[in-house]
Structures are given as C-alpha cells and as structure tokens.
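Asks: Below you will find the structure I want to go over with you.
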Amino acid sequence: MLFAPVSSRRRSIISGIGLLVLGMAGCTRPAVNASPQDYLVYVGTNVASNQENTIFLYRLSSTTGALTQVSAQPGGASPTYLTLDGKKRFLYAVNETQTFQGAKSGSVRSFAVDQRTGSLTLLNEQPSAGAAPCYISLDGKGKVALVANYVGGTSSLLPIGADGQLAPPSAVARHTGQGPHKNQEAPHAHCIITDPANEYAFTVDLGTDRVHRYRLNTAQGLLTETAEPAFVARPGPAPGTSHSIPTANAPT
8 MLFAPVSSRR
18 RSIISGIGLL
28 VLGMAGCTRP
38 AVNASPQDYL
48 VYVGTNVASN
58 QENTIFLYRL
68 SSTTGALTQV
78 SAQPGGASPT
88 YLTLDGKKRF
98 LYAVNETQTF
108 QGAKSGSVRS
118 FAVDQRTGSL
128 TLLNEQPSAG
138 AAPCYISLDG
148 KGKVALVANY
158 VGGTSSLLPI
168 GADGQLAPPS
178 AVARHTGQGP
188 HKNQEAPHAH
198 CIITDPANEY
208 AFTVDLGTDR
218 VHRYRLNTAQ
228 GLLTETAEPA
238 FVARPGPAPG
248 TSHSIPTANA
258 PT
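Our numbering puts the first residue of the sequence shown at 8, with every later residue one more than the last.
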C-alpha cells in the first residue's frame, strides 16, 4: 500500500480534522471496491468536550475528487492528529483533551490497520504527559512516538512495542518562558519531529518563539535538551507548523 499523509490543525483551512491518505495502488483485493487510482482517507475530529469522537474512513477518487464514507469508529475524545508507522501497520492518534484519568493530560491511542480494508482495531491508550496534545510523529525507525502537548507546554516520548502498542511516557521535557504577545503567556508546544539522521528531535513552541532541540535515545527512551535552542525567533510571526498536500508518489 502507498500511504500519503495529509494533516490539518484546527486553525487551518479544514477546521478541526486530521487526515491520513492511504493509497490503494499496488494493494491486492481491496475490500472497499477501490480502483488503483483511489485512496483511503482517515479523518480525525475535534469537539470542545471529553466525549467520544470518531475517526472516519473515506474513499477518495483521484480522478473526480469525490469522497465516499466507508466506515466510522470510535477514536477517543478529540482525535485531532493522526500518524502512521513506516510500514503502514499501525495508526496513532492524539486525544486532544486536558484531563485523562484524573490528571492534567491528554492521551495517545494506537490502532492496528487492516491491510486489506483499512479498518482500525484499538490496541491501547496511554497518557500524553501534558494537556491538549496536538501533534504526534514517530522517529525514523518507528521505535518511539513523540508528542507535543499544547496547553501542557511539554514534549513527551512514548516507546512503541513490536506489536504496535504504546508504553507509558519514558521522557517528558517541560518548556518554560513566554513570548511578547498576550497569547504567549506560557509555553505552547505544537509540533515535534526528528532530523533525517534520527539523532535529534525538534519541538516548535508557539508560546516562547523557540525551536527546542533534544538528543534522541530511542534505545533508552530519552530526550536530552541541548544547551542552546535550535532557533529563537525575532519579534514577529511565531514559528509553527506548515501544512502541505503531497502527491501520490510523495515520500512518506
């Protein structure tokens, strides 16, 4: 299968949903009657409550652009951001809430992906170690999940087992400081990714106008912040995530 991820945050054009596109090219016996030019699209949702929300599965026609709903299943409270592992066997979703199991934290869920139908099976759920997790990515080897917690102002690392299940957070980096704007009263982490060499993780913080850099140790599940941030913005637009829609043959 060819998966081309497309993600959207609630402040972007598509409000309150996250998308992942699963290409059917090269997939044998697709059970959803998709042509080789069709894609399966996962859509996350977001509402202002802790109620159960839905992850939708749609079929996207690359020739007409039509979207047809295939299925819908529980995704936890506000599953706003989704990502797939490198082999497209597992899907991970943040639950963007401010309380989980009585603590000030959101959560992260792991799902197994049916390679024939694209349907999801819940594997497990863990705390995100910070309120309102809004971004999740995996390291280059698929050993750990990295989460940015917007309200909590933290970056967390969760080890991933061979079965795709998440372990509890083994590392939590707490940001400090504030920015010049009235809405920058506290740290607001909202993106975390690794470098191509898989040696560092970088967290974009909207609240402090900084990009934090951490040495990444996937074997021990550690994040160690470097002495200096990777980037400090000058007064003006704060650093943030950019959103692109890759073509079907784009690298994932």
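For glycine and all other residues, C-beta sits at the position ideal for the given N, C-alpha and C. Here the structure is a predicted model, which means the values were calculated and not measured.
#1: Going by Cα to Cα distance, which pick from T210, T71, R96 and T231 is closest to I143?
#2: Quick check on the DSSP output: the beta strand (DSSP E) that includes Q80 runs from which residue to which?
#3: How is T215 classed by DSSP in three states: helix, strand or coil?
#4: Whose CA, out of Q44, N53 and T87, lies closest to the CA of L67?
#5: If we ignore side chains and look at the alpha-carbon of each, how far apart do A139 and G51 end up?
#6: Does DSSP put G51 in a helix, a strand or coil?
#7: For K150 and L223, I'd like the C-alpha separation in whole angstroms.
#8: Verify whether the separation of the beta carbon atoms of A240 and D202 is less than 8 Å.
#9: G184 to E192, Cα distance in whole Å?
#10: Per DSSP, what kind of secondary structure is Q133 in: helix, strand or coil?
Replies: In this structure, then:
#1: When only C-alpha atoms are compared, the closest one is T210.
#2: It spans L74 to A84 - the beta strand (DSSP E) in which Q80 sits, taken as one unbroken run.
#3: Here T215 carries a coil assignment [DSSP, helix/strand/coil].
#4: Nearest option by C-alpha distance: Q44.
#5: Rounded to whole angstroms, the separation of the alpha carbons of G51 and A139 is 15 Å.
#6: Strand.
#7: Rounded to the nearest angstrom, the two C-alpha atoms are 11 Å apart.
#8: The Cβ-Cβ distance between A240 and D202 does not fall below 8 Å.
#9: G184 and E192: Cα-Cα distance of roughly 8 Å.
#10: Q133 sits in a strand when the DSSP states are folded into three classes.
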